[in-house]
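Notes follow once the structure below has been shown.
In full-length UniProt numbering, the protein residues as written are 1 to 130.
And the structure:
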């Protein structure tokens with residue numbers, strides 16, 4: 001199999017913010033709906049997923065976002081089999097940023113994911129909702 005055969009679509013765009021409530025309210029004013037809110041147990045930062053149509057934005061607290069205006073922190077590809085995607089990425093000679101597939105208790109049953117660094121410094125996340 002190829003890496004592309006595991007990708008089922010764009011899962012979400014990541015947007016760091018120093019003002020989560022203001023950011024969420026802005027996107028809600030554009031018609032987005034809060035689909036899920038939680039706290040990242042590793043950082044204690046609040047996280048909010050907003051959806052509109054087929055687009056999902058993950059906005060999360062970051063005390064000092066180190067990005068210039070308009071920058072997107074990461075893009076997440078939705079995969080149907082995270083273990084197979086992990087193996088395909090490694091077989092292709094790409095280097096995940098983590099030593100193993102990660103887990104976060106987001107959404108109903110959590111997500112498993114890993115990241116790569118793109119050629120422009122962007123993070124490309126491979127993510128499977130459980």
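Glycine included, C-beta positions come from ideal geometry on N, C-alpha and C. Only a predicted model underlies this, so the values are computations on that prediction, with no experimental measurement involved.
Inset, instruction - Would you identify the three-state DSSP class for residue 135, choosing helix, strand or coil? - result: Given a span of 1 to 130 for the chain in the structure shown, any question on residue 135 remains unanswerable.
Legend entry - Inter-stretch contact at 8 Å, needing at least 3 Cβ pairs: the region 47-56 / the region 87-102: no
Inset, instruction - Indicate whether residue 15 and residue 72 have their beta-carbon atoms separated by less than 8 Å. - result: For the purposes of this step, residue 15 is taken as the residue at position 15 of the chain shown. For the purposes of this step, residue 72 is taken as the residue at position 72 of the chain shown. Against a cut-off of 8 Å, the Cβ pair of residue 72 and residue 15 comes out as a contact.
Legend entry - Top-ranked residue by Cα proximity to residue 106, from 89, 12 and 29: The residue you call residue 106 lines up with position 106 of the chain shown. For the residues 89, 12 and 29, the minimum Cα distance to residue 106 belongs to 12.
Legend entry - Where the alpha helix (DSSP H) through residue 57 begins and ends: What you label residue 57 is simply residue 57 of the chain shown in a count that begins at 1. Counting along the chain, residue 57 falls outside any alpha helix (DSSP H), though it belongs to the beta strand (DSSP E) covering 55-61.
Legend entry - Under 8 Å between C-beta atoms of residue 6 and residue 88: Residue mapping note: residue 6 aligns to position 6 of the chain shown, counting from 1. Residue mapping note: residue 88 aligns to position 88 of the chain shown, counting from 1. Yes, the Cβ-Cβ distance between residue 6 and residue 88 is below 8 Å.
Inset, instruction - Determine which residues share a DSSP beta bridge with residue 51 and list them. - result: Counting from one through the chain shown, the residue named residue 51 turns up at place 51. DSSP output for residue 51 lists 33 and 56 as bridge partner(s).
Inset, instruction - Using a threshold of 8 Å, state whether the C-beta atoms of residue 133 and residue 111 are closer than that. - result: The question about residue 133 has no answer here: the residues shown for the chain are numbered 1 through 130.
Legend entry - Cα-Cα separation, residue 124 to residue 77: The residue you call residue 124 lines up with position 124 of the chain shown. The residue you call residue 77 lines up with position 77 of the chain shown. Roughly 7 Å separates the two Cα atoms.
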